[in-house]
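Residue numbers (the working numbering): 2 to 426. Think of the CB as a built atom: it goes at the ideal place given N, C-alpha and C, for glycine as much as any other residue. Model, not experiment: these values are computed from the prediction. Have a look at the structure below, then the notes.
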Ligand SMILES: [Zn+2]
């Protein structure tokens with residue numbers, strides 16, 4: 002199948018990466034991430050009831066949507082639970098020779114990336130980063146000769162680059178041992194990330210060049226350094242990699258042509274510059290990091306009460322979901338300053354709309370701001386300020402008058418959980 006070419010124009014210093022996928026449209030076979038079978042609840046009638054009660058909340062992917070929020074994630078992406086082996090190759094070019102050692106480049110991303118995934122997944126994803134070749138792999142052509150620009154499609158430059166990488170690495174690397182590949186490019190190749198972010202992931206791509214019998218179907222390329230100049234690069238610069246790997250696991254981009262205004266700093270697929278942040282609860286469910294028993298599906302008409310514990314803490318009910326249709330609904334979760342969520346300045350109940358009909362980069366998730374036009378509660382660099390105080394506090398109510406839905410935060414319990422009341426037609 003032909004690649005889809007997408008260009009997303011955005012202001013400087015916002016992310017530019019595109020999860021390009023080649024998927025057979027209409028395939029709805031078993032989940033690559035095992036979401037549909039990932040219940041820890043006991044077998045038998047109780048489990049069956051819990052599963053069927055969740056069915057209306059499993060909004061599905063839609064034909065023609067390249068990378069969707071729908072469940073389950075289609076096959077072809079890397080699995081996102083258990084041990085995931087990541088091959089890291091550091092490359093440079095005759096006209097952009099690696100400055101410093103390749104091991105230094107690797108150390109910009111590890112062990113932080115592995116730690117980030119362990120924390121976010123509650124230990125369900127064990128990210129094993131390997132770098133069997135410790136030196137720079139020199140490409141045979143100058144960087145410019147590959148014609149790589151922001152938004153480049155897989156063909157032809159990237160295909161040639163991947164073929165050259167495979168040729169150079171194959172004598173020492175068994176590609177079939179890995180679930181995903183990270184190409185860590187020498188930072189002096191191409192423009193500064195401050196001007197143009199080239200980092201990109203080609204995921205779910207079965208047409209990629211083959212090495213050791215397997216296509217390099219899920220490969221992330223990291224360029225330059227996302228150094229915002231605030232002096233925090235050493236702590237937060239790695240975050241481009243978990244973002245790009247999010248595409249490898251099937252997650253879409255949540256930033257839009259306007260930048261981070263749809264989701265703000267509430268998901269690393271929205272903003273991966275600046276302070277650390279986590280993933281939305283919806284994404285954690287999609288990736289198989291939350292059990293079915295941790296999802297409360299508000300599908301029935303009338304009033305329902307939900308007690309939600311903070312997303313950053315393991316165990317307990319994490320996500321209430323209010324389906325609106327077969328492709329959309331509201332997600333409700335508790336966000337606090339803990340775990341990977343470093344920049345939360347107003348903890349509370351985050352409410353957002355998920356729409357599996359909306360493609361990557363077009364706004365598949367929209368966060369509801371409890372305090373519109375407040376300006377937000379943070380001035381940290383590269384954190385979307387307006388949405389930083391989006392969570393709803395006890396006593397506050399979100400309403401969608403058209404759908405006849407309200408979500409009220411009844412109170413906060415002493416153990417940190419929040420009580421939420423949903424009213425729906
Ligand atoms: Zn991206």
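- If the five residues before and after residue 162 are omitted, its C-beta is found closer than 6 angstroms to the C-beta atoms of 147, all from its own chain and listed in chain order.
- For the 7 angstroms CB-CB criterion, residue 181 and residue 87 form a contact.
- Partner residues in the beta bridge of residue 324, as assigned by DSSP, are 330.
- Rounded to the nearest whole angstrom, the C-alpha separation of residue 171 and residue 260 is 39 angstroms.
- According to the DSSP assignment, residue 303 belongs to the beta strand (DSSP E) that extends over 303–309.
- Residue 320 is a Cβ neighbour of residue 334, given a cutoff of 7 angstroms.
- Residue 97 carries a strand assignment under DSSP once its states are collapsed to helix, strand and coil.
- A heavy atom of ligand 1 is found nearer than 6 angstroms to the CB of residue 254.
- For residue 377, same chain residues with a beta-carbon under 7 angstroms away, outside a window of 5 residues either side, are 386, 387, 388, 389, 390 in chain order.
- Here residue 181 is bridged, per DSSP, to 87.
- Taking a contact to require three or more Cβ pairs closer than 8 angstroms, the stretch 321–328 and the stretch 299–309 qualify as touching.
- CA-to-CA, the gap between residue 269 and residue 227 works out to about 14 angstroms.
- For residue 81, the three-state secondary structure derived from DSSP is coil.
- Partner residues in the beta bridge of residue 413, as assigned by DSSP, are 419.
- Contact check for residue 235 against residue 199 fails: the beta carbons are separated by 7 angstroms or more.
- Check the Cα spacing between residue 84 and each of 119, 374, 190: the tightest is with 119.
- The beta carbon of residue 115 lies closer than 7 angstroms to those of 128, 130 in the same chain, with the five residues before and after it left out.
- Residues of the same chain with a CB within less than 6 angstroms of the CB of residue 197, apart from the 5 flanking positions on each side, are 151 in chain order.
- Contact check for residue 357 against residue 71 passes: the beta carbons are separated by less than 7 angstroms.
- DSSP, read as helix, strand or coil, puts residue 319 in coil.
- A distance of 7 angstroms or more separates the beta carbons of residue 217 and residue 138.
- Residue ranges of uninterrupted beta strand (DSSP E) with 3 or more members, entirely inside the stretch 329–395 and ordered along the chain, are 329–336, 349–356, 366–368.
- Per the coordinates, the alpha-carbon of residue 277 lies some 32 angstroms from the alpha-carbon of residue 177.
- As computed with DSSP, residue 408 is found in a beta bridge with 399, 423.
- According to the DSSP secondary-structure assignment, residue 128 is paired through a beta bridge with 85.
- Taking C-alpha positions only, residue 57 is separated from residue 422 by approximately 19 angstroms.
- From the listed residues 265, 316, 297, 287, the smallest Cα separation to residue 369 is found for 265.
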